[in-house]
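Visitor:
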Amino acid sequence: SRLLVKEEKYDSLNNSQKVQYFISKSVDRKSCDSIHSPLTAACKGGNEKIVQLLLDKGKDVNQVDGGGSTPLTAACKGGNEKIVQLLLDKGSDVNQVDDKGSDVNQVDGRECTPLTAACIRGNEKIVQLLIDKGSDVNQDKGSDVNQVDGMGCIPLTAACREGNEKIVQLLIDKGSDVKQVETYGYTPLTAACREGNEKTVQLLIDKGSDVNQVDGIGCTPLTAACIRGYEKIVQLLIDKGSDVNQVETYGKFTFDSCLVVKGHEKIVQLLIDKGSDVNQVNGRRCTPLTAACESGNEKIVQLLIDKGSNVNQVDDKGSDVNQVDRWGCSPLTAACKRGNEKIVQLLIDKGSDVNQVGSRGVHLMTAACERGHEKIVQLLIDKAK
Numbered sequence: 001s002r003l004l005v006k007e008e009k010y011d012s013l014n015n016s017q018k019v020q021y022f023i024s025k026s027v028d029r030k031s032c033d034s035i036h037s038p039l040t041a042a043c044k045g046g047n048e049k050i051v052q053l054l055l056d057k058g059k060d061v062n063q064v065d066g067g068g069s070t071p072l073t074a075a076c077k078g079g080n081e082k083i084v085q086l087l088l089d090k091g092s093d094v095n096q097v098d099d100k101g102s103d104v105n106q107v108d109g110r111e112c113t114p115l116t117a118a119c120i121r122g123n124e125k126i127v128q129l130l131i132d133k134g135s136d137v138n139q140d141k142g143s144d145v146n147q148v149d150g151m152g153c154i155p156l157t158a159a160c161r162e163g164n165e166k167i168v169q170l171l172i173d174k175g176s177d178v179k180q181v182e183t184y185g186y187t188p189l190t191a192a193c194r195e196g197n198e199k200t201v202q203l204l205i206d207k208g209s210d211v212n213q214v215d216g217i218g219c220t221p222l223t224a225a226c227i228r229g230y231e232k233i234v235q236l237l238i239d240k241g242s243d244v245n246q247v248e249t250y251g252k253f254t255f256d257s258c259l260v261v262k263g264h265e266k267i268v269q270l271l272i273d274k275g276s277d278v279n280q281v282n283g284r285r286c287t288p289l290t291a292a293c294e295s296g297n298e299k300i301v302q303l304l305i306d307k308g309s310n311v312n313q314v315d316d317k318g319s320d321v322n323q324v325d326r327w328g329c330s331p332l333t334a335a336c337k338r339g340n341e342k343i344v345q346l347l348i349d350k351g352s353d354v355n356q357v358g359s360r361g362v363h364l365m366t367a368a369c370e371r372g373h374e375k376i377v378q379l380l381i382d383k384a385k
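Going letter by letter, the sequence shown gives residues 1 to 385 in UniProt numbering.
#1: Just the Cα atoms here: how many angstroms apart are Lys-375 and Glu-265?
#2: Taking the alpha-carbon positions, what's the Val-301 to Glu-231 distance?
#3: Return the chain-ordered list of same chain residues with a C-beta closer than 6 angstroms to the C-beta of Asn-197, the five sequence neighbours on each side being excluded.
#4: Count the other CB atoms, across all protein chains shown, that sit within 10 Å of the CB of Glu-182; report buried if there are 16 or more and exposed otherwise.
#5: What are the boundary residues of the alpha helix (DSSP H) that Gln-345 is part of?
#6: With DSSP as the reference, please indicate the residues paired to Val-181 in a beta bridge.
#7: For the alpha helix (DSSP H) holding Ser-295, just list the boundary residues, first then last.
#8: Quick one: is Ile-381 buried, meaning 16 or more other Cβ sit within 10 Å of its Cβ, or exposed?
#9: By the three-class DSSP mapping on this structure, what secondary structure does Val-51 have?
#10: Closest to Cys-293 by C-alpha separation, out of Thr-190, Ala-118, Leu-332, would be which residue?
#11: Does the Cβ of Asn-245 have 16 or more other Cβ atoms within 10 Å, making it buried, or fewer, making it exposed?
#12: Count the other CB atoms, across all protein chains shown, that sit within 10 Å of the CB of Ala-384; report buried if there are 16 or more and exposed otherwise.
#13: Using CA coordinates, which residue listed in Val-278, Lys-59, Pro-71 is at the minimum distance from Thr-113?
#14: Mind checking whether Asn-123 and Glu-81 have CB atoms under 9 angstroms apart?
#15: Reducing DSSP to helix, strand and coil, say where Ile-381 ends up.
#16: So for Gly-78, helix, strand or coil by DSSP?
#17: Quick one: residues in its chain with C-beta nearer than 7 angstroms to the C-beta of Ile-348, no 5 flanking neighbours on either side, listed in chain order?
#18: Here's the rule: buried if 16 or more other CB atoms are within 10 angstroms of the residue's CB, otherwise exposed. What is Lys-44?
#19: Taking the alpha helix (DSSP H) that Gly-218 belongs to, which residues open and close that run?
#20: Where does the unbroken alpha helix (DSSP H) through Lys-199 begin, and where does it stop?
#21: For Thr-187, does the three-state DSSP call read helix, strand or coil?
#22: Give the DSSP-derived three-state secondary structure of Thr-113 in the structure shown.
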């Protein structure tokens with residue numbers, strides 16, 4: 001750019017003056033670099049004067065730039081309310097994509113609608129502005145609050161994921177479907193549970209969210225809360241009817257989420273108190289005890305065993321310390337692989353068979369040797385005598 005004007009003059013110009021200079025020299029106003037067009041760049045950067053200047057010179061408010069972004073979506077992502085208003089003011093029909101109207105439902109190349117972008121940004125005024133551009137928020141005169149974008153994301157879920165209660169309330173008041181499932185992701189409730197926003201979770205439930213609904217990735221709200229360790233939300237969901245024994249679409253169930261990920265002891269205790277089956281087998285034939293041994297959490301292993309009257313019998317009262325999962329892994333095998341000597345000792349003391357061989361022929365000794373756990377190898381040798 002400095003080749004076009006003397007350096008001392010160029011340095012004295014502000015950004016608006018530089019843009020004006022290039023326009024006066026007939027620089028192609030529709031040109032795009034590898035990513036941005038001038039208008040989307042100005043919208044994203046939040047420079048209202050430059051946006052106004054480009055529009056006054058005939059810039060297309062719906063031009064898609066080299067990165068696939070529209071000016072309106074760029075402005076929503078940038079969070080500049082005045083620029084959003086300016087773009088909308090330049091269009092007679094907020095739903096029709098043409099050279100006069102900025103479409104509030106248009107999906108950009110990054111597969112995000114303006115409304116979803118505004119929800120992610122957390123700008124309540126822009127969300128309200130987009131919705132106010134149509135009398136019917138679910139039909140063809142405004143921003144559809146239930147529209148799924150190119151990534152399968154809906155505005156309400158985006159707002160729940162960002163934890164913005166005011167926007168969540170606004171979208172619901174305007175008709176957002178609290179049970180809608182993203183194409184490849186969450187329901188609004190699972191998103192709120194993952195983020196740990198208790199007030200949003202309560203709001204969604206009060207508005208009719210199904211506490212047992214499975215989302216697009218096979219996850220339930222209760223599992224989502226358990227994964228993150230949100231005890232209050234877990235309690236709330238259970239109080240509202242969450243099934244503590246519900247198996248997810250892809251085979252996990254609530255215990256797995258608590259045990260394997262972080263070992264949330266209080267939540268495990270809560271689930272058991274509310275009726276979780278300590279012997280429930282999930283889609284990969286894994287028991288809670290095996291999952292606990294995999295995670296290496298001694299307290300949870302002890303808790304599960306304490307909740308069983310017969311550690312060798314699989315029934316509704318006892319956790320079987322010898323039960324093998326789909327991959328031929330028993331709780332003791334899992335503990336040997338993990339290398340937790342205390343858990344190995346605990347399981348043996350409770351009756352685990354030190355000579356057991358998994359369904360795929362893996363011996364306990366082999367599992368321990370492969371991982372280099374010398375103390376466990378010695379313990380197994382001593383117990384096998």
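Virtual Cβ for every residue (Gly too), placed ideally from N, Cα, C. For clarity, every value in this text was computed on a predicted model and none was experimentally measured.
Guide: Taking the geometry as given:
#1: As a first step, residue 375 must be located in the sequence shown, where it is residue number 375. As a first step, residue 265 must be located in the sequence shown, where it is residue number 265. So the two alpha carbons sit approximately 27 angstroms from each other.
#2: As a working note, residue 301 is residue 301 in the sequence shown. As a working note, residue 231 is residue 231 in the sequence shown. The straight-line gap from Cα to Cα measures roughly 19 angstroms.
#3: Translated into positions along the sequence shown, residue 197 becomes position 197. Cβ neighbours of Asn-197 beyond the five flanking positions: Gly-163.
#4: Residue numbering aside, residue 182 sits at position 182 when the sequence shown is read from its first letter. Looking at its Cβ environment, which holds 16 or more other Cβ atoms inside 10 Å, Glu-182 is buried.
#5: Sequence index remark: in the sequence shown, residue 345 carries index 345 (1-based). Per DSSP, Gln-345 belongs to the alpha helix (DSSP H) from 341 to 349.
#6: Taking the first residue of the sequence shown as 1, we reach residue 181 at position 181. Partner(s): none; Val-181 has no beta bridge.
#7: Residue mapping note: residue 295 aligns to position 295 of the sequence shown, counting from 1. Here the alpha helix (DSSP H) through Ser-295 covers 288 to 295.
#8: For this step, residue 381 is matched to residue 381 along the sequence shown. With fewer than 16 other Cβ atoms within 10 Å, it is exposed.
#9: Here residue 51 corresponds to residue number 51 of the sequence shown, with the count starting at 1. Note: Val-51 maps to helix in three-state DSSP.
#10: Here residue 293 is taken as the residue at index 293 of the sequence shown, counted from 1. Ranking Thr-190, Ala-118, Leu-332 by Cα distance to Cys-293 puts Leu-332 first.
#11: On the sequence shown, residue 245 is found 245 positions in, with the first residue counted as 1. Counting Cβ neighbours within 10 Å, Asn-245 comes out exposed, since fewer than 16 surround it.
#12: The residue you call residue 384 lines up with position 384 of the sequence shown. Under this definition Ala-384 is an exposed residue.
#13: As a first step, residue 113 must be located in the sequence shown, where it is residue number 113. Closest option to Thr-113, Cα to Cα, is Pro-71.
#14: To locate residue 123, count along the sequence shown from 1; it is residue 123. To locate residue 81, count along the sequence shown from 1; it is residue 81. Their beta carbons are under 9 angstroms apart, which means Asn-123 touches Glu-81 by this criterion.
#15: By one-based count along the sequence shown, residue 381 stands at place 381. Ile-381: helix per DSSP, three-state reduction.
#16: Here residue 78 corresponds to residue number 78 of the sequence shown, with the count starting at 1. The answer is helix: DSSP assigns Gly-78 an H, G or I state.
#17: For the purposes of this step, residue 348 is taken as residue 348 along the sequence shown, with counting starting at 1. These residues qualify, in order along the chain: Val-354, Lys-383.
#18: Position 44 of the sequence shown, counted from the start, is the residue given in the question as residue 44. So Lys-44 ends up on the buried side.
#19: If you number the sequence shown from 1, residue 218 lands on position 218. Premise fails: Gly-218 is in no alpha helix (DSSP H) and is neither H nor E.
#20: Translated into the one-based positions of the sequence shown, residue 199 becomes position 199. Counting along the chain, the alpha helix (DSSP H) containing Lys-199 begins and ends at 198 to 206.
#21: Numbered from its first residue, the sequence shown carries residue 187 at position 187. Thr-187: coil per DSSP, three-state reduction.
#22: Residue 113 sits at position 113 when you count from the first residue of the sequence shown. It is coil, neither helix nor strand.
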